[in-house]
Amino acid sequence: MKLPTSLFVTALTLGASASITNVRDIFEHSCVECHNEKKDKGGLRMDLKANFFEGGDSGSPVDFKTPDQSELLRRVLLAHDDDEFMPPSSKKKERKPLTQEEIARLKNWIVNGAKWDEKITLQHRERSTTKEDYSKPDPDLASIAVYPTSITLETKRDFHRLIILATDKNAVTRNVTSSVKFAIADPSLTRIEGSTLFPIKDGATTVNISFRGKALTVPVVIKNAVKDRRVSFQQDVVPVFTAAGCNTGACHGSARGQDGFMISLFGYDPKGDYQRVTREFAGRRINLALPEESLLLTKTIGTVPHTGGKLFEKDSPFYSTLLEWIKDGATYDPAEIALPVKIEVEPKEFLLEGSGKDIPLTVKATYSDGTDRDVSTLSNYTSSNDNSISVDASSGVTSSKTQGEAFLMARFHTFTEGSMAIV
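Under numbering that gives the first Met the number 0, the first residue of the sequence shown is numbered 0, with each subsequent residue one higher.
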């Protein structure tokens, strides 16, 4: 089935630089709820790049040879009462069909190669988090805030995510990151994907943020933009253990370990962890000859039975970090390696109204050499009151439930910091 001419023209006018960020809201509002790790309707997952393009019972959702015939487009263009129509409605929940503008964006994304940065994982979000019109003034809006307030990007591996919150005159906070307008003063120095900044070349610039009559400016400094940084056991590998839950008291971080493998609780003894990871079970836990066959990898992605189950996907940043470290010789760090001296969790406090409202936490680590790093995806999160405000242990996205308050804690390296939230 071909797109109506009006939609095809609209798709072309959207530009040829479409990436997953251009259709992320569509997938998260209308698709991921039924196509995720826990519920893969029709054998299809739409939260991760690899699973999406692998397809499900009906094959791949995207046909690169004939984009107009892509299964994804066919489904959203069917009659609304068709059994195969997407997104489907049910007796329990009514889902709105995609608008013409949303269908055009899907078309544009597919025509231009369906680009998807493997670092981006999608998660279901209710329609209440849909985009607001950033250009329309809001008389009830008191202020907007950005976290972090300034950014330094060091080495080509570095990145920083921006989170923008709006506070109304009644003090209620909401996440408007997906609704603001970003404008980089010098786009030759840094690029932005969604709300995440990546380095291009050395220099200094600003990111200008506007939303409903309010504006902010974030200074950005880029250093060593083309210089790579070697994967470090203490800076990268141990944080993966923490973020994936490997070194908690319920797993290998317990006093007796788990299934014959013990590492220190939350990585407090990196030297001991290195010895146990590399020297025990020689040639199997770490296989330098065939890195992909290392048990450290095969167990975490579920290709070999693991009591803790599958921890992450093969195309995830966590897997890439561990694989690169092993390929590079699985060495320990030099004595002068820079280590974290503190972390900062933001926002420090916020007030939510009603249930189902999400606020993401961001964590920045400062190192002994003066550099800093966005470690939000490498931190582990907990809530003191899940009944009122829950927090995803890996992503740090908080979600309001019932009236109450909670202390939200983030852990990275040997540091813990928190944020206070009220519903």
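The beta-carbon is built from N, C-alpha and C at its ideal position, and this holds for glycine as well.
What you are looking at is a predicted structure, and each value in this text was computed from that prediction instead of being measured.
Of Pro96, Glu53, Thr381 and Asp82, the smallest CA-CA separation from Ala242 is found for Thr381. Close CB contacts of Leu296 within its chain, under the 7 angstroms cut and outside five residues either way in sequence, are with Tyr318, Leu321 and Leu322 (chain order). Inclusion of His159 and Gly266 in the CB contact set at 8 angstroms is not warranted, their separation being larger than that value. Residue pairing of Gln257 in beta bridges, as defined by DSSP: Phe260. Residue pairing by DSSP places Glu348 opposite Met419 in a beta bridge. Distance from the CA atom of Lys400 to the CA atom of Ala165, rounded to whole angstroms, is 20 angstroms. Under the three-state reduction of DSSP, Asp268 is assigned to coil, being neither helix nor strand.
DSSP lists Tyr380 and Glu416 as the bridge partner or partners of Ala409. Between the segment 17-34 and the segment 106-119 there are three or more C-beta pairs closer than 8 angstroms, enough to call the two in contact.
Boundaries of the beta strand (DSSP E) harbouring Ser389: Ile388 to Val390, taken from the DSSP string. With respect to Asp46, Glu36 sits close: the two C-beta atoms are nearer than 8 angstroms. Between the C-alpha atoms of Tyr146 and Asn386 there is a straight-line separation of about 26 angstroms. Unbroken beta strand (DSSP E) stretches of 3 residues or longer found wholly inside the segment 144-169: 150-153 and 162-167, given in chain order.
No Cβ-Cβ contact shorter than 8 angstroms links Ala364 with Pro346. A distance of 8 angstroms or more separates the beta carbons of Lys180 and Asp139.
With three or more CB-CB distances shorter than 8 angstroms, the segment 194-204 counts as touching the segment 219-229. Counting along the chain, Phe181 sits inside the beta strand (DSSP E) bounded by residues Lys180 to Ile183. Within the model, the alpha-carbon separation for Pro86 versus Ile342 is close to 41 angstroms.
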